[in-house]
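Visitor: Here it is, the structure in full.
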Amino acid sequence: MINLRRNKDLAAVEGRRIGLDNVMTALAFVLLLVIVVIPISMIIYNAFFHEGKFTFNLIVEQLTRSTTLSSMWNTIKIGGLVTLFGTIMGVFYAWLLGRSNIPGKKLMRSLFTIPYMFPPFLGAMAWDLLLNGRSGYLNRWMMQTFNLSSAPLNINTIWGIVFVEVSYYFPFVFMQVVSALERMDPTLEESARIAGAKQGTVIRTITLPLVVPAISAGALLILISSLAHFGVPAILGFSQGIFTLPTRIFAVISRSGGSFEGIRQAAALSILLVVVVALALLLQRKVLSSGGYDIIKGKSMRPTLINLRGARIPLFILALVTLAVIVMVPLIMIFLVGLVRAYGLPLIPANFTLANYTRILTTSGTLDSIKNSLILAISAGIISMTLGTLIAYVVQKIKPRGTGVLEILSVLPYSIPGTVLAIGVILAWSGSLGINLYNTLWIILVAYIARYLSFSMKTSSAALLQVHPSLEEAARTCGATHTESLKDITLPLIRPAMISGFFLIFLPAMREVTTSVLLYGPYTRTLGVQIYSLRDAGMMPQAAALGSVAIVLIIVINAIVNAITADRKGV
Amino acid sequence: MAYVRFENISVSYGDNQVLKNFSLSLEKNEIMCLVGPSGCGKTTLVRCLLGLTRPDEGEIYVDDKCLFSSKRRINVPAERRGIGIVFQDYAVWPHLTVKDNVAYPMRKQRMKKNEIDRRVKDVLKQVSMSEYINHLPGQLSGGQQQRVAIARALMSSDDLIVLDEPITNLDAKLRDQMLNEIRDIQRNIGTTIFYITHDQKAALHLGDQLAIMNGRGELVQIGSDEDIILRPKSRFIFEFIGVTNFIPLKLVNSEYKLDLGREMIPWPEQVPDTMAHGKPIEMGTRPNDITFDDASPIKAKVKRAVFLGSEYDYFIELGNMEIRLQQSTLDAALVGVAKEGSEVGLRFLNPHYYEAKRREA
Ligand SMILES: Nc1ncnc2c1ncn2[C@@H]1O[C@H](COP(=O)(O)OP(=O)(O)OP(=O)(O)O)[C@@H](O)[C@H]1O
Ligand SMILES: [Mg+2]
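Residue numbers (this note's numbering), protein chains in the order written: chain A, -13 to 557; chain B, 3 to 363.
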């Protein structure tokens, strides 16, 4: 007979043991302190304290410079325009591919998520190659063909930057709205049609208001991403002296050669950037705040498709052209320039060579950068996934005092621009607190973990919410210790979410530039930094070749991920 | 000494005090049914017993071993209490097969593999789930999942099993079968069973002892099924345990009369002196405690008669009230069935007297 009470002396006296719950809670707080609180506090301290005294001088000094003001204005202008156009474009294509009878919808839908994977700074590089005000291939071709005296298009402008960012950020809105439309009850639209409303009226008065929550969620993502974005304005703006706050911070740091004064200025600028982001978030909440609609159902239904009639083919062609312009053109451009013998030569087969590829694949610096990025992306993925799950568990299941603080701390870095995070990490971990990680991979890793923690925290939280507490409790009453019940029950149940959390971190970490460009040392270049540096050093074809390698890597890994997750669904 | 003892258990969630100084004892090898309205704190009590909720105060003993004591600061962790439980929401693990679910407690006991296999087969046969041994819970119906949970609880402990509303999701036939099954298991293994339900029928069917809780989480009566039905201690229990009729009694010239609205009829039975407190009182009676008797001065009219197989269910107009009456098929054969619309005389057996409830206008 089973008798779990064989040992009569097992009655635990309370308070003597430190429970697993307490250990996890303490760990979560300590980790967030180290990863999030310390870097952010260091920025605030350095921006507001000079020689131990509180002062606004540094901020005021920055605010009186015209360069600062113009970068702030550019940041806001670009952020606003990108959000506006990105949202319009996202909503339009979501509706077109989600609700109309346009041909090839399924394929088109997956094609429209490609720009989301495409590293924006590679896109910027490609457009720079095509439409650079002085030397762009397309500009030169047009000048020759039409006998123009100056370049007809110039990508190195605010509008150029907006164009490129919109191309890669609109999928945020697109994907949100597509899924909202999928879940929407089609009878709402039908009843409006039956009531005699015209198609345009139905879209404006019924469909659109119903997907507003999804639109605003996507628009928020665009806004945060664009305000904090470094790659595109760096590549397209530097040559023309167009700066945004993130690129200004980068310029200040690199000009000062890493001196402390430079870093303090960067800290002050970082505060301004955080303020801009915070204000933008507030403003957006005001503008888009609207009551939640409960009309979107959880179940997927078969929506009625709207007949485009005569516009069907022209709109189809428009979608194809859009895809070609934002995906194919930059992709082909990067691949072709990677093949050309010297930058500037016409892109004809006679000038093609594989020398660039052999060179980058034999240079140790470049190979190291690939290796570094792989190491960083894998370890940041694993560590953030583990920590994120730990924190999610503490927040969702243990709910200690201070749960709210924990939750805010873990999603805080998400709305803090990568540039700012990098400055915080420099201030915290280059010796001032007794630990010096500068010029090592560790400092980049710490920044990545802070940056991506919220990704895995969100996916794990959602999964943990699905795990009813009685499942773990049932295991306890069956004789499992708390640790065993975690291992046997909870972890297996949230494993799929953890795996997708890993790839959610791995993929963006592979192509990261914003933070690593501020943190890299001579031996710790990442893939993104190496491409950026090659281009900066004028070795355009090599940069393009390495860019193509990066793209191929990302596509291959993504395909593997999709295969894995598709497999999982089948079980 | 009782086998399971709750002593002065108090539990509150924030400001909401669910249990206050709650005490209850279970004898070894008996089936104790705890019955009470929804939300009265039954699950909370079970969670305290299992070590999943920490009572604010009190002591819990199983087999003379203290599992919890607020005074002595004892709180045995859940995994060392060794109590089998069927949770209200089954809590069958969705990622494990039926077999792995059922085998889990034995694996935690480090039992030998072939021994585990044998027992899993046995217990699945007992709950009629043998053919689903390799299914995942997602492929099972709610009732089947519940049976897996019961099997798992049986594997956790031979001594004490707690079932929290374990058969709510089964159809009537399966429900009967499961109740008999639980009875058999108890007879064969001698397990002590703590059965939680708000379904008095199941409780009457199964329990050796019934404990009744009221909506405020207080224990109002404990006793055998006969005790509870024939001698309910309070109006709450009387009403809670089955269908009831109440007829007001009026004291006129120190004589009790049935107050039927239009008329008063003298009440032939003796009303206990304890009721002579001057407040209005009511006579309570169950449908099967009323019989037809043409000699009775209490006349009523049959409004509707429904044949339910084993009995007839009557809706009867008595003065300004409608009361229910049940007549077993056997009685009906002996005395005859009352026709709808006919006038009948009524006799009340086993009447209960309670203080009248204030009625809302
Ligand atoms: N975790 C909790 N936090 C706050 N209040 C709770 C919690 N669990 C239960 N309660 C409250 O305690 C009271 C008793 O709940 P309990 O689950 O014990 O009822 P029950 O008797 O099992 O009811 P049912 O028959 O519906 O299962 C209810 O009022 C419930 O709202
Ligand atoms: Mg309950």
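Ideal Cβ placement from N, Cα and C applies to all residues, glycine included.
Note that the structure is a prediction, hence the values are computed from the model and not measured.
Quick one: is LYS44 (chain B) near chain A, going by C-beta distance under 8 angstroms?
Guide: As a first step, residue 44 (chain B) must be located in the second sequence, where it is residue number 42. LYS44 (chain B) does not count as touching chain A.
Visitor: Are at least three pairs of beta-carbons, each pair with one atom in the stretch 448 to 455 of chain A and one in the stretch 506 to 525 of chain A, less than 8 angstroms apart?
Guide: Short answer: they don't touch.
Visitor: Under the criterion of a Cβ to heavy atom distance below 7 angstroms, does ASN364 (chain B) qualify as lining ligand 1?
Guide: Outside the displayed span of chain B (3 to 363) sits residue 364 (chain B), for which this structure offers no information.
Visitor: Closer than 8 angstroms is the cut-off here; do at least three beta carbon pairs connect the stretch 401 to 415 of chain A with the stretch 330 to 343 of chain A?
Guide: Judged by Cβ distances under 8 angstroms, the stretch 401 to 415 of chain A makes no contact with the stretch 330 to 343 of chain A, as fewer than three pairs qualify.
Visitor: Roughly how far, in whole angstroms, is the beta-carbon of GLY86 (chain B) from the beta-carbon of ALA174 (chain B), given that I think they are within contact range, below 8 angstroms?
Guide: Taking the first residue of the second sequence as 1, we reach residue 86 (chain B) at position 84. Taking the first residue of the second sequence as 1, we reach residue 174 (chain B) at position 172. With a Cβ gap of about 25 angstroms, GLY86 (chain B) and ALA174 (chain B) do not count as contacting.
Visitor: For TYR15 (chain B), count neighbouring Cβ atoms within 10 angstroms of its own Cβ and tell me buried if that reaches 16, exposed if not.
Guide: For the purposes of this step, residue 15 (chain B) is identified with residue 13 of the second sequence, where counting begins at 1. The residue in question, TYR15 (chain B), is exposed, as its Cβ has fewer than 16 Cβ neighbours within 10 Å.
Visitor: For a quick check, are the C-beta atoms of LEU117 (chain A) and ILE141 (chain A) less than 8 angstroms apart?
Guide: As a first step, residue 117 (chain A) must be located in the first sequence, where it is residue number 131. As a first step, residue 141 (chain A) must be located in the first sequence, where it is residue number 155. In contact: LEU117 (chain A) and ILE141 (chain A) (Cβ atoms closer than 8 angstroms).
Visitor: With 8 angstroms set as the bound, which would you pick, yes or no: does the beta-carbon of ILE475 (chain A) sit closer than that to a beta-carbon of chain B?
Guide: Taking the first residue of the first sequence as position 1, residue 475 (chain A) is located at position 489. It does; some Cβ of chain B falls within 8 angstroms.
Visitor: Does DSSP classify LYS303 (chain B) as helix, strand or coil?
Guide: Here residue 303 (chain B) is taken as the residue at index 301 of the second sequence, counted from 1. DSSP places LYS303 (chain B) in strand when its eight states are reduced to three.
Visitor: Between LEU331 (chain B) and the rest of its own chain, which residues show a CB-CB distance below 8 angstroms, the 5 nearest in sequence each way excluded?
Guide: To locate residue 331 (chain B), count along the second sequence from 1; it is residue 329. The sequence given here has Thr at residue 331 (chain B), not Leu. The answer, listed in chain order, is GLY311, SER312, GLU313 and TYR314.
Visitor: Could you give the DSSP three-state label for TYR438 (chain A): helix, strand or coil?
Guide: Translated into the one-based positions of the first sequence, residue 438 (chain A) becomes position 452. Three-state DSSP puts TYR438 (chain A) in a helix.
Visitor: Measuring CB to CB, does GLU342 (chain B) end up less than 8 angstroms from LYS301 (chain B)?
Guide: Locating residue 342 (chain B) in the second sequence gives position 340, counting from the first residue. Locating residue 301 (chain B) in the second sequence gives position 299, counting from the first residue. Going by C-beta atoms, GLU342 (chain B) is not nearer than 8 angstroms to LYS301 (chain B).
Visitor: Taking LYS444 (chain A) as the reference, which of A:THR375, A:GLY404 and A:LEU427 has the closest Cα?
Guide: Taking the first sequence and counting its residues from 1, one reaches residue 444 (chain A) at position 458. The candidate whose alpha carbon is nearest that of LYS444 (chain A) is A:THR375.
Visitor: For chain B, check one thing: does any of its Cβ atoms lie closer than 8 angstroms to the Cβ of SER456 (chain A)?
Guide: Against the first sequence, residue 456 (chain A) aligns to sequence position 470. So yes, SER456 (chain A) belongs to the interface.
Visitor: Considering only residues of the same chain and omitting the five flanking positions on each side of PHE71 (chain A), which have a CB-CB separation below 6 angstroms?
Guide: Within the first sequence, residue 71 (chain A) is the residue found at index 85, counting from 1. These residues qualify, in order along the chain: VAL152.
Visitor: Once DSSP output is grouped into helix, strand and coil, what is the label at CYS464 (chain A)?
Guide: Translated into the one-based positions of the first sequence, residue 464 (chain A) becomes position 478. Of the three classes helix, strand and coil, the one that applies to CYS464 (chain A) here is coil, per DSSP.
Visitor: State buried or exposed for LYS385 (chain A), treating a residue as buried only when at least 16 other CB atoms are found within 10 Å of its CB.
Guide: Position 399 of the first sequence, counting from 1, holds the residue named residue 385 (chain A). When all chains shown are included, LYS385 (chain A) counts as exposed.
Visitor: How is the alpha helix (DSSP H) around HIS207 (chain B) delimited, first residue to last?
Guide: What you label residue 207 (chain B) is simply residue 205 of the second sequence in a count that begins at 1. First-last of the alpha helix (DSSP H) with HIS207 (chain B): 202 to 208.
Visitor: Would you list the residues whose beta-carbon is nearer than 5 angstroms to any heavy atom of ligand 1, in the order they occur in the chain?
Guide: For ligand 1, the selected residues are B:TYR15, B:VAL20, B:SER40, B:GLY41, B:CYS42, B:GLY43, B:LYS44, B:THR45, B:THR46 and B:HIS200.
Visitor: For a quick check, are the C-beta atoms of TYR5 (chain B) and ASP65 (chain B) less than 8 angstroms apart?
Guide: The sequence position of residue 5 (chain B) within the second sequence is 3, counting from 1. The sequence position of residue 65 (chain B) within the second sequence is 63, counting from 1. Yes.
Visitor: Who pairs with THR293 (chain B) in a beta bridge, going by DSSP?
Guide: Within the second sequence, numbered from 1, the residue matching residue 293 (chain B) stands at position 291. Beta-bridge pairing links THR293 (chain B) to B:ARG349.
Visitor: Are the C-beta atoms of ARG387 (chain A) and some chain B residue less than 8 angstroms apart?
Guide: Residue 387 (chain A) sits at position 401 when you count from the first residue of the first sequence. False, the Cβ-Cβ gap to chain B never drops below 8 angstroms.
Visitor: Chain A partners of PHE89 (chain B), CB-CB under 7 angstroms?
Guide: Residue 89 (chain B) sits at position 87 when you count from the first residue of the second sequence. Ordered by position in chain A, the residues that pass the 7 angstroms Cβ test against PHE89 (chain B) are SER456 and ALA460.
Visitor: Rounding to the nearest angstrom, what Cα-Cα distance links ARG82 (chain B) and VAL13 (chain B) in this structure?
Guide: On the second sequence, residue 82 (chain B) is found 80 positions in, with the first residue counted as 1. On the second sequence, residue 13 (chain B) is found 11 positions in, with the first residue counted as 1. Taking the straight line from one Cα to the other gives about 22 angstroms.
Visitor: Is there contact here, the stretch 22 to 42 of chain B with the stretch 202 to 213 of chain B, by at least three beta-carbon pairs under 8 angstroms?
Guide: In short, these stretches touch, since the Cβ pair count reaches three.
Visitor: Say whether chain B places a C-beta atom closer than 8 angstroms to the C-beta of PRO478 (chain A).
Guide: As a first step, residue 478 (chain A) must be located in the first sequence, where it is residue number 492. Chain B contact via Cβ: present.
Visitor: Restricting to Cα atoms, I'd like to know which of B:LYS110, B:VAL304, B:PHE309 and B:GLN329 is closest to ILE318 (chain B).
Guide: For the purposes of this step, residue 318 (chain B) is identified with residue 316 of the second sequence, where counting begins at 1. Nearest option by C-alpha distance: B:VAL304.
Visitor: If we ignore side chains and look at the alpha-carbon of each, how far apart do VAL547 (chain A) and VAL515 (chain A) end up?
Guide: Here residue 547 (chain A) is taken as the residue at index 561 of the first sequence, counted from 1. Here residue 515 (chain A) is taken as the residue at index 529 of the first sequence, counted from 1. So the two alpha carbons sit approximately 25 angstroms from each other.
Visitor: Assign TRP145 (chain A) to buried or exposed, taking buried as 16 or more other Cβ atoms, counted over all protein chains shown, within 10 Å of its Cβ.
Guide: Counting from 1 along the first sequence, the entry for residue 145 (chain A) is found at position 159. Result: exposed.
Visitor: Does the Cβ of LEU269 (chain A) have 16 or more other Cβ atoms within 10 Å, making it buried, or fewer, making it exposed?
Guide: Translated into positions along the first sequence, residue 269 (chain A) becomes position 283. The residue is exposed, with fewer than 16 neighbouring Cβ atoms inside 10 Å.
Visitor: Looking only at its chain, what residues have a beta carbon closer than 6 angstroms to the beta carbon of THR69 (chain A), apart from the 5 residues adjacent to it on each side?
Guide: For the purposes of this step, residue 69 (chain A) is taken as residue 83 along the first sequence, with counting starting at 1. ALA205, ILE208 and LEU209.
Visitor: Measure the alpha-carbon distance for PRO232 (chain A) versus LEU259 (chain A) and round it to whole angstroms.
Guide: Numbered from its first residue, the first sequence carries residue 232 (chain A) at position 246. Numbered from its first residue, the first sequence carries residue 259 (chain A) at position 273. Looking at the two C-alpha atoms, the distance is approximately 8 angstroms.
Visitor: So what does ASN18 (chain B) bridge to, in DSSP terms?
Guide: Looking up residue 18 (chain B) in the second sequence gives position 16. According to DSSP, which records beta bridges pairwise, ASN18 (chain B) is partnered with B:TYR15.
Visitor: Tell me which residues share the same chain as ASP291 (chain B) and place their Cβ nearer than 6 angstroms to its Cβ, disregarding the 5 neighbours each side in the sequence.
Guide: Counting from one through the second sequence, the residue named residue 291 (chain B) turns up at place 289. Once the five neighbours on either side are set aside, the close Cβ partners of ASP291 (chain B) are LEU351 and ASN352.
Visitor: For ASP166 (chain B), verify whether its CB is less than 7 angstroms away from any heavy atom of ligand 2.
Guide: The residue you call residue 166 (chain B) lines up with position 164 of the second sequence. Checking every heavy atom of ligand 2 against the Cβ of ASP166 (chain B), one is found closer than 7 angstroms.
Visitor: Is the stretch 320 to 330 of chain B close to the stretch 280 to 294 of chain B, with three or more CB pairs under 8 angstroms?
Guide: Enough Cβ pairs lie closer than 8 angstroms, so yes.
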